[in-house]
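Visitor:
Number of protein chains: 2
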Amino acid sequence: MNDAPSVFIVDDDEQVRSALTFLMESVGLQAESFSSAHDYLEQFNASKPGCLILDVRMPGLSGLDLQARLSAETIHPPIIIITGHGDVPMAVRAVTAGAVDFIEKPFNNQSMLDNVHRAIELDAKQRGESSRLQDIEKRYNELTPREKEVLQCVIEGKRNKIIAAEMNISQSTVEAHRSKVMDKMLADSLSDLMRMALLLKLIS
Amino acid sequence: MNDAPSVFIVDDDEQVRSALTFLMESVGLQAESFSSAHDYLEQFNASKPGCLILDVRMPGLSGLDLQARLSAETIHPPIIIITGHGDVPMAVRAVTAGAVDFIEKPFNNQSMLDNVHRAIELDAKQRGESSRLQDIEKRYNELTPREKEVLQCVIEGKRNKIIAAEMNISQSTVEAHRSKVMDKMLADSLSDLMRMALLLKLIS
DNA sequence: ACATAAATTATCATATATTCCAATTTTCCT
DNA sequence: AGGAAAATTGGAATATATGATAATTTATGT
């Protein structure tokens, strides 16, 4: 799970792949290259840290297509788009869609390395946040429907008495649910629970 | 305060200004144009809603310079950059720095209007969130130092007894501070207070 | 039909928080 | 020095939450 970060390189041009691989390895970065977006997707593993250098113009799935696919994933490596014949609208689209960079070939080696390092740092940060979030989501999904209802009321600041009235159940029941929620979510205070609810976007 | 949104146009080219003004007014949008970034800054009023169409290449302050200045403001209209001789790196920089669009001249009138409408909607949304935040900030700043300390502990989920021990004061005092905090912040429950604390970024 | 999880309720004891009240001491500004 | 705001404390009554324990009723799926 917690491997060293890789620089994933997706380009149909063998020259570019080997040049980039050489560049990355020259500074001790692990590189993995693919000749098509499809090849990359096949081995894609959300838990592998790193960043992705992606050519726009490729046979089959284009770089922007791949970018769109990856955006649907909850977590994916930051994307650096490279292109031989880029234009402004394409760059705007790529960056707006979440690419961290859009670089024209031929590129400067040093600035490429700078960008890669920045992207890898960003990935590490996102990954840390995301793994915490996934833990919380996992626990949340183990709540029963009723417990989720009570949780929703709790984070809205309602008192047990009110919740009981709204749900037409006794206060004891609410207390029971509430207590289970705290246990299952591993929350040790209300504010702790609220923080989790925020990450889960249960809050308006 | 709550005026109709304006389209602010900043371009040193009189032709462009009048063309854009005409375009905006043709769909019922209010337009205000300026021949330099400096002129715009002079009349800049954070409370005026709308969006900003900004030329990059201008004598004096450039569009990107103005963008940087505005980014320092807590709230500013969304920026649509327009340019005659744009290149990819410039577009990437502008979008990365927060511009909502980067459009080359000559542009398509309809797509420009679409972008303007989208930007104005975004501005309205940001403005709504921001005014709520300002209310909360105002109330927060009326708290005494001691009350702020207690608030910090409360949102960390500490019980009054613990807070009293940590601050070396009696539990009664903590209760007094806490009660005042709830009053002053107009919070009617702990979760309410937590939500505010989040917006104030008092939470890790 | 049986087993299991979920939902429901209750009681008792304790711990905490909230809300009144009133009072003293500190600090800071004019 | 005088006054205002802030910080401090205590008491007493009330409301709420928590925690442990136990028991009943309802689904749910095999």
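Residue numbers (my numbering), protein chains in the order written: chain A, 8 to 211; chain B, 8 to 211.
Beta carbons: idealized from backbone N, C-alpha and C, even for Gly.
So with Cβ pairs under 8 Å, would you call residue 170 of chain B a contact of chain A?
Guide: Chain A, which has no Cβ nearer than 8 Å to the Cβ of residue 170 of chain B, makes this no.
Visitor: Note down the Cα distance separating residue 57 of chain B from residue 146 of chain B, rounded to an integer number of angstroms.
Guide: Cα to Cα, the separation comes out at about 27 Å.
Visitor: Find the nearest neighbour of residue 158 of chain A within the set A:55, A:203, A:20, judged by alpha-carbon distance.
Guide: Of A:55, A:203, A:20, the residue nearest in Cα terms is A:203.
Visitor: For residue 62 of chain A, decide whether its Cβ has a neighbour in chain B, counting only Cβ atoms nearer than 8 Å.
Guide: No, residue 62 of chain A does not count as interfacial toward chain B.
Visitor: Around the C-beta of residue 139 of chain A, are 16 or more other C-beta atoms found within 10 angstroms, so that it is buried, or is it exposed?
Guide: The residue in question, residue 139 of chain A, is exposed, as its Cβ has fewer than 16 Cβ neighbours within 10 Å.
Visitor: Please classify residue 279 of chain B: is it buried, with 16 or more other beta-carbons within 10 angstroms of its beta-carbon, or exposed?
Guide: Absent from the structure is residue 279 of chain B, since the part of chain B shown begins at 8 and ends at 211.
Visitor: Can you give me the Cβ contacts of residue 93 of chain B inside the same chain, cut-off strictly under 8 Å, excluding the 5 residues immediately before and after it?
Guide: Cβ neighbours of residue 93 of chain B beyond the five flanking positions: 63, 109, 111.
Visitor: Which first and last residues belong to the alpha helix (DSSP H) in which residue 103 of chain A is found?
Guide: Residues 95-103.
Visitor: If you reduce the DSSP assignment to three classes, tell me which class residue 38 of chain A lands in.
Guide: The answer is strand: DSSP assigns residue 38 of chain A an E or B state.
Visitor: Please identify, using Cβ separations under 8 Å, the residues of the stretch 191-210 of chain A that lie next to chain B, in order along the chain.
Guide: Under the 8 Å Cβ criterion, the stretch 191-210 of chain A contributes 195, 196, 197, 198, 199, 201, 202, 205, 210.
Visitor: Among residues of its own chain, excluding the 5 on either side of residue 20 of chain A, which ones have a beta-carbon nearer than 8 Å to its beta-carbon?
Guide: Counting only Cβ-Cβ distances below 8 Å, and skipping sequence neighbours, we find 62.
Visitor: Is it true that the stretch 24-43 of chain A meets the stretch 118-127 of chain A, where meeting means three or more beta-carbon pairs spaced less than 8 Å apart?
Guide: With the cut-off at 8 Å, the stretch 24-43 of chain A and the stretch 118-127 of chain A touch.
Visitor: I need the DSSP call for residue 143 of chain A, collapsed to helix, strand or coil.
Guide: It is helical.
Visitor: Determine the chain B residues that contact residue 89 of chain A at a beta-carbon separation under 8 Å, and present them in chain order.
Guide: Per Cβ cutoff of 8 Å: no residues; residue 89 of chain A is ~11 Å from chain B at best.
Visitor: Tell me the rounded alpha-carbon separation between residue 171 of chain B and residue 53 of chain A.
Guide: Computed Cα separation, rounded: 46 Å.
Visitor: Decide if residue 4 of chain A is buried, meaning its Cβ has at least 16 other Cβ atoms within 10 Å, or exposed.
Guide: What the structure shows of chain A is the stretch from 8 to 211, and residue 4 of chain A is not part of that stretch, so it cannot be assessed.
Visitor: Assign residue 32 of chain B to one of three DSSP states: helix, strand, or coil.
Guide: Correct three-state label for residue 32 of chain B: helix.
Visitor: Does DSSP put residue 13 of chain A in a helix, in a strand, or in coil?
Guide: In the structure shown, residue 13 of chain A sits in a strand (DSSP, three-state: E or B).
Visitor: Can you tell me whether DSSP reads residue 180 of chain B as helix, strand or coil?
Guide: If DSSP states are grouped into helix, strand and coil, residue 180 of chain B belongs with the helices.
Visitor: Mind checking residue 113 of chain A: buried by the 16 CB within 10 Å criterion, or exposed?
Guide: Burial call: exposed.
Visitor: Quick one: give me the first and last residue of the alpha helix (DSSP H) that residue 200 of chain A is part of.
Guide: It spans 197-206 - the alpha helix (DSSP H) in which residue 200 of chain A sits, taken as one unbroken run.
Visitor: Compute the Euclidean distance between the alpha carbons of residue 66 of chain A and residue 13 of chain B, then round it to the nearest angstrom.
Guide: Their backbone Cα atoms lie some 45 Å apart in a straight line.
Visitor: In angstroms with no decimal places, state the Cα-to-Cα distance between residue 197 of chain A and residue 104 of chain B.
Guide: Each residue's Cα considered, the two are about 38 Å apart.
Visitor: Mapping the DSSP letters down to three states, classify residue 91 of chain A as helix, strand or coil.
Guide: In this structure, residue 91 of chain A counts as coil in the three-state DSSP scheme.
Visitor: Is the shortest distance between the beta-carbon of residue 114 of chain B and the beta-carbons of chain A less than 8 Å?
Guide: By this cut-off, residue 114 of chain B is not an interface position.
Visitor: Can you tell me the Cα-Cα spacing of residue 185 of chain A and residue 100 of chain A, whole angstroms?
Guide: Rounded to whole angstroms, residue 185 of chain A to residue 100 of chain A spans 46 Å at the Cα level.
Visitor: Kindly indicate if chain B contains any beta-carbon less than 8 Å away from that of residue 163 of chain A.
Guide: Chain B, which has a Cβ nearer than 8 Å to the Cβ of residue 163 of chain A, makes this yes.
Visitor: Taking the runs of the beta strand (DSSP E) that are 3 residues or longer, which of them lie wholly in the stretch 104-158 of chain B?
Guide: Within the stretch 104-158 of chain B, the complete beta strand (DSSP E) runs of at least 3 residues are 108-111.
Visitor: Step through the CB atoms of chain B and report whether any lies within less than 8 Å of the CB of residue 93 of chain A.
Guide: Output row for residue 93 of chain A: interface = yes.
Visitor: Could you pull out every unbroken beta strand (DSSP E) segment of at least 3 residues lying fully inside the stretch 38-77 of chain A, listed in chain order?
Guide: Whole beta strand (DSSP E) segments, 3+ residues: 57-62.
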